[in-house]
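Undergrad: Numbering (the working numbering), first residue to last: 91 to 358.
Using N, Cα and C, we set each Cβ at its ideal position, and we do this for glycine too.
Mind having a look at this structure? Questions to follow.
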């Protein structure tokens, strides 16, 4: 990340970075990376999982907040082992909204704010799921354009519907043809990633340039986090190979968008 000029990172999967706040802060400082925060799966719709979910939120907020993180990215999973998405009733959505309020209090105590994340394979996958939360809660949103696109919510439309709710941005492009078997339940998310479902910026079906340009025009001033999902199953890639190649392509694509936007601003 440092070699590629990235200035910050999210926590990532368990075990990727240290689980002690002091160690985490030291590792980030060593590589000149700001700790933004991270993705935390919790079960919000099921009252039986309330205590476990709040405890998970407390642990994650203590770690990330203790390392200087400021953003708690909530993912509403079906279960902690990522069971398939369920259809739930209005009472369950109401409970989920109340849980978001409780989590907001927890993360605020650690100097963080919350932004809920739509995600393939979770309870917030489709436009109706997104709207159920938008209508019931004032929680901020992680605008993940790739996951919204897979679920059938055009990210340009989401911008029009909920621009004032966006607290964070995940840059992700996706090939919808490769995502379709995952959405139908015929493949796991991991299989989809291995097949190239999440591709470098500009290679997929997400209107990345249009979305980023509109965010900039609207005055968005938060982080853009490049999520270049990869599944490394054959050991460490050779030097100069692996996910780094796709990340570099994505960075170059985003720089071109930025250059075009900046030129347009100067011209106007």
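1) Please identify the residue among 94, 95 and 131 whose C-alpha is closest to the C-alpha of residue 101.
2) Rounded to whole angstroms, how far is the Cβ of residue 286 from the Cβ of residue 265, which I believe are closer than 8 Å?
3) Closest to residue 270 by C-alpha separation, out of 247, 240, 293 and 251, would be which residue?
4) DSSP three-state call for residue 298: helix, strand or coil?
5) Suppose you measure from the CA of residue 197 to the CA of residue 140; what does that come to, to the nearest Å?
6) Is residue 280 buried or exposed, if buried means 16 or more other CB atoms sit within 10 Å of its CB?
7) What runs of the beta strand (DSSP E), each 3 residues or longer, lie entirely inside the stretch 234-289?
8) What residue range is occupied by the uninterrupted beta strand (DSSP E) comprising residue 98?
9) Could you check whether residue 248 and residue 238 sit closer than 8 Å to each other, using their CB atoms as the reference points?
10) What residue range is occupied by the uninterrupted alpha helix (DSSP H) comprising residue 316?
11) Going by DSSP, name the residue or residues bridged to residue 204.
12) Mapping DSSP to helix, strand and coil, what is residue 95?
13) So for residue 126, helix, strand or coil by DSSP?
14) Give me whichever residues DSSP pairs with residue 104 in a beta bridge.
15) Alpha carbon to alpha carbon, how far is residue 163 from residue 151?
16) Does the separation of the CB atoms of residue 165 and residue 129 fall below 8 Å?
17) Buried or exposed for residue 175, please, with buried defined as at least 16 other CB atoms from any protein chain shown within 10 angstroms of its CB.
18) When the Cβ atoms of the stretch 215-235 are set against those of the stretch 175-187, are three or more pairs found closer than 8 Å?
TA: So, from the data block:
1) 131
2) 7 Å
3) 240
4) helix
5) 16 Å
6) exposed
7) 256-261
8) 98-100
9) yes
10) First-last for residue 316: 314-316, but that is the beta strand (DSSP E), not the alpha helix (DSSP H).
11) 162
12) coil
13) strand
14) 107
15) 10 Å
16) yes
17) buried
18) yes
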